[in-house]
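Novice: My questions will all concern the structure given below.
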Amino acid sequence: MENEFLSVPFGYTPVWAEKDKYNVKNPPSDDKKPLRLGLVGLGGVALGKHLPAIRRLQETGFPIRVVAGADIDETVRSKTQRLHHLPCYADFREMFDKEGLDAVEVLTEPGESRLRVLREAVDRDLHLFVEKPFLFFGVKRLDESIACARQIVERARAKRLVVMTGFVKHFSPPYMVAKRLMEAGAIGTPALVAVKMCQGWSRHILLEGQACHLLHVALWLAGPIARLHAFGVNRFAEPNYPYDNIVVNVEYASEAIGTFYFNSSSPSLKPWERLEVFGERKWLAVEDGISVTLHDSEEGPSKSYSPVMPHTLFFDEEFSGFAGEIRAFAEAVQARREAPVTGEDGIHALVLARMIHASIEERRSVSWSEVAG
Ligand SMILES: NC(=O)c1ccc[n+]([C@@H]2O[C@H](COP(=O)([O-])OP(=O)(O)OC[C@H]3O[C@@H](n4cnc5c(N)ncnc54)[C@H](O)[C@@H]3O)[C@@H](O)[C@H]2O)c1
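Numbering (my numbering), first residue to last: 23 to 395.
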């Protein structure tokens, strides 16, 4: 296990390590024509994360091209035009009509206007990357959000379109290392999974908008959840969400048990997240999405992995997983295969959130089958 850990069998080639894969002397072959991508929504995540991550991929020669963007806000459009020299449309339909896109990244807020974008994109046979949460019309309309998300995913599946949800931690190297270690049996059978996400961004929607990242990580690493029991309080009168502190006890289908604790009332400085998975006399922890530590012997030493800082300023694009997730989406589209994080994965995180709300409100355990059907 020591060697396996040290050789990090985590199946992720950092983007910077591919810088020589394609270059002027070795351009991508014709079957790797750049993916023609359009962005709908040019706000914080588009300008701060996606465009820099795509630039990073392009630097390595990865065949992807952002052809155009669309945003309803004139200020945002002119900023994007100025900074990124992108044609920008006020109406996403016009972009769909004119730009001959292969795929679209939907980076708007997750409400009803996003649903219109998704429907139109599927009608036009565009592959979809959808930022989390897949759809969210508010806590009181979570069932409706889930039902609409299902319709989109089913229509896209019938047309054999790739649909990917933007759960970026799936591509963050430390979480990938943890997954590989678990698959390699490094901690034996997982018995207890503890997940924390506490960050004081009170403007955000606690479960569906923020903790959904860790809800996805829990399902990805520990498998389906059979039932849960949750408690929630709004201790500091958070105005935008029913709860600012939530704790959940979980039973996985595998018979592992676990806990989630989430809040939006702590300082918004890191560290804000932690994962611990306990097996038989061995356990591992992912600290703040930055490092993994494996404790697999009473005598020690523990073994730890943290990514080597690349010689680049793009740490966040790499290690938060943005470059990896966009590359995975483009590769899935090029190969016409399922994305590693699907539309269904986006729906599953919403189902978990719905279970948690129901459990808090009704003061009882809630099973997956009650909500997911
Ligand atoms: N993966 C992550 O870590 C991460 C980080 C931040 C945000 N996000 C997600 O990304 C999404 C966007 O978040 P943000 O912070 O960039 O929001 P934002 O408000 O900064 O940007 C959204 C943009 O979409 C535009 N828009 C809204 N409706 C539109 C429409 N019909 N057509 C075209 N443009 C439209 C708005 O004008 C705005 O510029 C959310 O779902 C959020 O949860 C993910």
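From the three backbone atoms N, C-alpha and C, an ideal C-beta is built for every residue, glycine too.
Checking 8 Å against the spacing of the C-beta atoms, do residue 185 and residue 60 come in under that value?
Specialist: No, the Cβ-Cβ distance between residue 185 and residue 60 is not below 8 Å.
Novice: Is it buried or exposed for residue 233, if we count other Cβ within 10 angstroms and need 16 for buried?
Specialist: buried
Novice: I'd like to know whether the C-beta atoms of residue 304 and residue 242 end up nearer to each other than 8 Å.
Specialist: In this structure, residue 242 does not lie closer than 8 Å to residue 304 by Cβ.
Novice: Rounded to a whole number of angstroms, what is the C-alpha to C-alpha distance between residue 286 and residue 120?
Specialist: 42 Å
Novice: Flag residue 100 as yes when its Cβ comes closer than 7 Å to any non-hydrogen atom of ligand 1, and as no otherwise.
Specialist: no
Novice: Within 8 Å, do at least three Cβ pairs link the region 214–222 to the region 373–380?
Specialist: Using a Cβ-Cβ distance cut-off of 8 Å, the region 373–380 and the region 214–222 are not in contact, since fewer than three pairs of beta carbons, one from each stretch, lie closer than that value.
Novice: Counting only the same chain and skipping the five closest in sequence on each side, list residues whose C-beta sits under 7 Å from that of residue 312.
Specialist: 196 and 328
Novice: Using only the heavy atoms of ligand 1, determine whether one of them is closer than 7 Å to the beta carbon of residue 96.
Specialist: no
Novice: Under the three-state reduction of DSSP, which class applies to residue 303: helix, strand or coil?
Specialist: coil
Novice: Using three-state DSSP, classify residue 214 as helix, strand or coil.
Specialist: Reduced to three states, the DSSP call for residue 214 is strand.
Novice: I'd like the span of the alpha helix (DSSP H) that includes residue 365, first residue to last.
Specialist: 365–384
Novice: Does the contact criterion of 3 or more C-beta pairs under 8 Å hold for the region 173–192 versus the region 256–266?
Specialist: no
Novice: What's the gap between the Cα of residue 126 and the Cα of residue 159?
Specialist: 21 Å
Novice: Between residue 248 and residue 385, what straight-line distance do the alpha-carbon atoms span, to the nearest angstrom?
Specialist: 17 Å
Novice: Taking the runs of the beta strand (DSSP E) that are 3 residues or longer, which of them lie wholly in the region 183–246?
Specialist: 185–188 and 214–220
Novice: Buried or exposed for residue 291, please, with buried defined as at least 16 other CB atoms from any protein chain shown within 10 angstroms of its CB.
Specialist: exposed
Novice: For the alpha helix (DSSP H) containing residue 358, list its first residue and its last residue.
Specialist: First-last for residue 358: undefined, no H or E at that position.
Novice: Does the count of Cβ pairs from the region 135–151 and the region 108–119 closer than 8 Å reach three?
Specialist: yes
Novice: Taking Cβ positions, are residue 57 and residue 352 nearer each other than 8 Å?
Specialist: yes
Novice: Less than 8 Å between C-beta atoms, sequence neighbours within five positions excluded: which residues of the same chain meet that for residue 142?
Specialist: 114, 115 and 118
Novice: Within 10 Å of its beta-carbon, does residue 258 have 16 or more other beta-carbons around it, so buried, or fewer, so exposed?
Specialist: exposed
Novice: Considering only residues of the region 62–137, which uninterrupted beta strand (DSSP E) runs meet the minimum length of 3 residues and lie entirely inside it, listed in chain order?
Specialist: Entirely contained in the region 62–137, the beta strand (DSSP E) runs reaching 3 residues are, in chain order, 86–92 and 125–128.
Novice: Using a Cβ-Cβ cutoff of less than 8 Å, which residues in the same chain neighbour residue 326 once the five nearest sequence positions on both sides are dropped?
Specialist: Cβ within range, chain order: 313, 314, 315 and 316.
Novice: My assumption, with CB atoms under 8 Å, is that residue 237 sits in contact with residue 371. Please give the rounded CB distance.
Specialist: 5 Å
Novice: Between residue 88 and residue 77, what straight-line distance do the alpha-carbon atoms span, to the nearest angstrom?
Specialist: Spanning the alpha carbons of residue 88 and residue 77 requires a straight line of approximately 9 Å.
Novice: Tell me which residue opens and which closes the alpha helix (DSSP H) that residue 174 is part of.
Specialist: In the DSSP annotation of this structure, the continuous segment of the alpha helix (DSSP H) that includes residue 174 starts and ends at 164–180.
Novice: Classify residue 254: buried if its beta carbon has 16 or more other beta carbons within 10 angstroms, exposed otherwise.
Specialist: buried
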